[in-house]
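Quick mapping for you: the protein sequence lines, in order, are chains P and G. With this note's numbering as the guide, the letters of the first sequence map in order to residues 6 to 267. With this note's numbering as the guide, the letters of the second sequence map in order to residues 3 to 419. Have a look at the structure below, then the notes.
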Amino acid sequence: MPRIIVCLKYAIDVSQIKVDSATRKLLIADAPRKISDFDKNALEEAVKIKVKHGGEVIALTATAENASTALREALAMGADKAIQIQDPNIQNADTMMVSNILAEAIRKIGSFDIILCGEASIDSYSGQVGPRLAEVLGIPAVTYVSKVTLEGNTLTVERSLEDCSEVIMVKTPVLLTVTKEINVPRVPTLMDIIKASKKEVLTWTLADIDVKGEKIATPSIKVVDVSAPKIERKRIKISGESPKEIAENLVKALIQEGVIGG
Amino acid sequence: MYDFTETEEQKLMVKAVKEWCERHLTPERVREMDDKGHPYPKDIVEGLASLGVIMGTVPQEHGGLGLDWKTQALIAEVIGYYDPTVATAAGFMAVETGWGFTINRYCSEVVREKYVKPAIRGEKFVGIGATEPIGGSDVAGHRTTARKEGDYWILNGEKTFISGTEEAKLWGGGYWVNARTGPVIPEAPHRNITAFFVPIDAEGVEVIEPYRDAGRMAISTGGFVMKDVKIPDEYRLGEVGKGFYYTMEGFDNARLMIGASCAGATRRILDDAIPYIKERKVFGMPLAKYEAIQFELAELYMEMEALKLMVMKTAWMQDIRYKEEGLPVKVSEAKTFKPTEIAKWISMVKWKGPFLALKAAEKAMIWFGAAGYTKEYLFEAAWRGVMSYVVGAEGGQNIQKIVIGRELLGKEYVPYK
Chain P
6 MPRIIVCLKY AIDVSQIKVD SATRKLLIAD APRKISDFDK NALEEAVKIK
56 VKHGGEVIAL TATAENASTA LREALAMGAD KAIQIQDPNI QNADTMMVSN
106 ILAEAIRKIG SFDIILCGEA SIDSYSGQVG PRLAEVLGIP AVTYVSKVTL
156 EGNTLTVERS LEDCSEVIMV KTPVLLTVTK EINVPRVPTL MDIIKASKKE
206 VLTWTLADID VKGEKIATPS IKVVDVSAPK IERKRIKISG ESPKEIAENL
256 VKALIQEGVI GG
Chain G
3 MYDFTETEEQ KLMVKAVKEW CERHLTPERV REMDDKGHPY PKDIVEGLAS
53 LGVIMGTVPQ EHGGLGLDWK TQALIAEVIG YYDPTVATAA GFMAVETGWG
103 FTINRYCSEV VREKYVKPAI RGEKFVGIGA TEPIGGSDVA GHRTTARKEG
153 DYWILNGEKT FISGTEEAKL WGGGYWVNAR TGPVIPEAPH RNITAFFVPI
203 DAEGVEVIEP YRDAGRMAIS TGGFVMKDVK IPDEYRLGEV GKGFYYTMEG
253 FDNARLMIGA SCAGATRRIL DDAIPYIKER KVFGMPLAKY EAIQFELAEL
303 YMEMEALKLM VMKTAWMQDI RYKEEGLPVK VSEAKTFKPT EIAKWISMVK
353 WKGPFLALKA AEKAMIWFGA AGYTKEYLFE AAWRGVMSYV VGAEGGQNIQ
403 KIVIGRELLG KEYVPYK
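Rendered as structure tokens:
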């Protein structure tokens with residue numbers, strides 16, 4: 006029976022970020038956080054595998070803020086255990102540091118068969134943590150997975166790439182990053198939530214997983230600036246003598262803008 | 003002491019209900035439900051039931067979740083938000099949750115197993131059959147009768163303007179029905195009334211065609227005639243002669259759900275209106291910059307927040323009441339708050355909620371001009387829907403004022419018994 010670890014990012018809910026209209030700076034301080042969307046897909050897939058094959062699902066996050074409510078939601082969705090590595094130093098951690106932290110936490114958790122991550126996070130969208138984590142742990146990574154079938158210790162996975170899809174067979178232990186298309190995450194029932202509230206969310210500090218020194222040193226990546234793009238309407242007026250001509254001109258304009266194919 | 007902090011469990015429950023509604027009670031679906039009319043779509047009921055929102059306050063050992071009324075009110079607010087026509091809230095928050103909870107409190111194990119639990123699972127419909135052709139608010143003056151014959155009761159009477167009759171007929175289910183089981187005592191006409199659970203398919207129950215309502219189209223409103231309907235004694239709710247008191251308790255629970263769902267409907271109307279009034283320019287200026295509109299918005303928002311506070315306080319009082327009375331069986335009088343004090347708050351919520359949602363819908367329609375009068379927006383459907391509460395569903399608006407007045411002035415100032 007597979008032991009599955011799902012890495013969840015307690016990400017900024019980008020749909021609720023406000024923008025300073027004068028400076029275009031993102032006002033993220035008050036923006037609420039939630040489980041990153043693709044990570045929810047990863048969790049759903051883990052729960053589906055557990056329902057079919059048995060086993061255990063462990064939800065794991067590395068976070069500067071207390072993510073216990075989000076992890077409680079993960080428990081309500083079907084995770085058996087939830088662990089947060091909470092430390093203020095994680096606030097400015099880059100993808101390499103987060104991967105190292107998660108790797109140490111996974112070593113502390115012990116054995117596993119499958120690690121599931123989202124293809125990327127909804128806020129920074131680097132797509133790096135999953136593959137980096139696999140590298141640190143020395144296991145294969147298969148990215149952009151849109152379908153998973155498990156038989157014994159072999160996974161058959163479909164990768165959705167831009168212009169094609171690949172089918173790959175891989176043995177456990179393995180790390181997969183999943184796309185949004187893989188499933189529709191379940192909405193936990195109120196009874197699931199009641200049951201989840203009785204489960205424990207474990208909180209570990211960096212010290213608890215022996216992370217120190219270079220692993221939490223200065224990030225390799227320095228974010229210099231983040232600002233919202235300025236989108237201005239082109240104010241193109243489509244005109245013509247007849248509805249047919251207007252429609253034709255509209256189609257031409259859309260082709261010219263690259264909205265639809267020519 | 004009241005604590006406004008939502009618990010982690012409440013936050014997650016509200017989030018889950020919102021997410022479910024985002025997927026299933028979309029504006030397009032709500033519009034389709036309103037256009038198509040009843041019966042209420044079964045897939046939505048089953049979904050709501052699977053989620054656990056119908057009769058969530060029923061104890062877990064009876065098939066519910068054992069939620070408190072504060073949590074159930076937060077859920078009802080979300081339901082009102084996503085279906086501002088209030089068809090969903092009327093059918094499954096006010097009627098099924100408000101009355102279903104109360105039925106469960108007084109019913110036998112037989113009724114619970116055959117009707118309450120299946121309704122919680124979204125399989126059957128249970129509701130309240132209060133109104134009669136002579137009117138709805140004069141509960142003590144209703145004319146349905148019941149006479150005891152051995153282990154059975156024989157009921158005769160007629161119920162009108164009853165929510166969900168078509169659904170109950172299609173899915174199975176039944177209604178709380180009050181009947182006079184003893185003589186009218188002129189100085190106390192509310193005595194000698196007994197509550198029963200009448201299955202919709204009982205022999206002698208004739209269901210009439212649903213009315214052609216103006217709003218909340220997705221849930222039917224009909225009626226039924228009872229001619230020598232033979233009901234086993236185990237279908238009696240509570241003690242003989244105490245039906246009036248139980249009915250007031252049922253109204254309390256249903257009216258609380260109405261207040262909460264109207265707060266949600268109001269918030270939805272404002273959320274739908276705000277982007278438009280910021281965007282739409284008239285005489286070179288966004289509508290939102292005109293004080294005539296901005297001030298109305300501010301007033302509606304203030305009233306909505308006041309309503310929400312009232313709903314939460316009332317739910318908190320109900321929670322204390324039920325904690326003190328004990329669930330599922332009423333064992334004593336409430337201690338901290340007199341039932342009449344709670345009824346006053348319930349009536350304030352029932353009065354304010356529908357009028358506020360109605361006003362918000364009306365204002366939004368006016369802000370939007372001709373566009374607001376079309377079916378492109380849900381304002382007109384909300385306006386028609388909440389009007390059902392204004393005209394009298396779950397108690398006429400003026401009755402609420404009488405209840406409030408009674409508490410302020412004393413029983414001797416009640417205009418009629």
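Note that beta-carbon positions come from the ideal geometry of N, C-alpha and C, so glycine has one too.
- Assignment of beta-bridge partners to Y418(G) by DSSP yields no partner.
- The closest CA to that of P86(G), considering only V113(G), R31(G), M312(G), I344(G), is found on R31(G).
- Listed along chain P is no residue with a C-beta nearer than 7 Å to that of L411(G); the closest approach is about 42 Å.
- Interface residue (Cβ-Cβ distance to chain P less than 8 Å): M259(G) is not classified as such.
- In chain G, no part has a C-beta under 8 Å from the C-beta of R38(P); the shortest such distance is about 13 Å.
- Within chain P, the C-beta atoms nearer than 8 Å to that of K13(G) come from T74, in chain order.
- Taking a beta-carbon distance threshold of 8 Å, S151(P) does not count as an interface residue toward chain G.
- Contact check for K340(G) and Q402(G): beta-carbon distance about 17 Å, past the 8 Å limit, so the pair fails to qualify.
- For V405(G), there is no enclosing beta strand (DSSP E); the enclosing alpha helix (DSSP H) covers residues 399 to 411.
- Annotation for T223(G): the continuous beta strand (DSSP E) segment containing it runs 223 to 234.
- In terms of beta-carbon proximity, A79(P) stays away from the interface with chain G, with every pair separated by 8 Å or more.
- Against S52(G), the close residues of chain P are T194, in the order they occur along the chain (beta-carbon pairs closer than 8 Å).
- Between I119(P) and L80(P), the C-beta gap is not smaller than 8 Å, which leaves the two residues out of contact.
- Under the DSSP definition of a beta bridge, M287(G) partners with V284(G).
- Judged by DSSP in its simplified three-state form, N71(P) adopts coil rather than helix or strand.
- Each residue's CA atom was taken as its position, placing A383(G) and I106(P) some 53 Å apart.
- Taking CB atoms only, A384(G) has no neighbour in chain P less than 8 Å away.
- Runs of the alpha helix (DSSP H) lying entirely within the stretch 93 to 158 of chain G and spanning at least 4 residues, in chain order: 102 to 108, 119 to 122.
- Residue range 170 to 176 is occupied by the beta strand (DSSP E) that includes M174(P).
- The DSSP-derived three-state label of I322(G) is helix.
- S165(P): member of the beta strand (DSSP E) spanning 159 to 165, first to last residue.
- L76(P) places its beta carbon less than 8 Å from that of V206(P).
- Here A262(G) has A75, A78, E79, V313 as same chain residues with Cβ atoms under 6 Å from its own Cβ, once five neighbours each way along the sequence are excluded.
- Taking a Cβ-Cβ threshold of 9 Å, the residues of chain P close to V55(G) are L195, in chain order.
- V388(G) is the residue among V388(G), A96(G), I202(G), G184(G) whose C-alpha sits nearest the C-alpha of L360(G).
- Measuring C-alpha to C-alpha distances from A362(G) to each of E378(G), A265(G), I46(G), D140(G) identifies A265(G) as the nearest.
- Counting C-beta pairs with one atom in each stretch, the stretch 13 to 21 of chain P and the stretch 157 to 175 of chain P have fewer than three that are closer than 8 Å, which means they do not touch.
- By the neighbour-count criterion, in which 16 or more other beta carbons inside 10 Å mark a residue as buried, L32(P) falls on the exposed side.
- Spatial neighbours of N71(P) in its own chain (CB-CB distance under 7 Å, excluding positions within 5 residues in sequence) are listed in chain order as Q91.
- Take the alpha-carbon of Y177(G) and the one of V209(G): they are about 12 Å apart.
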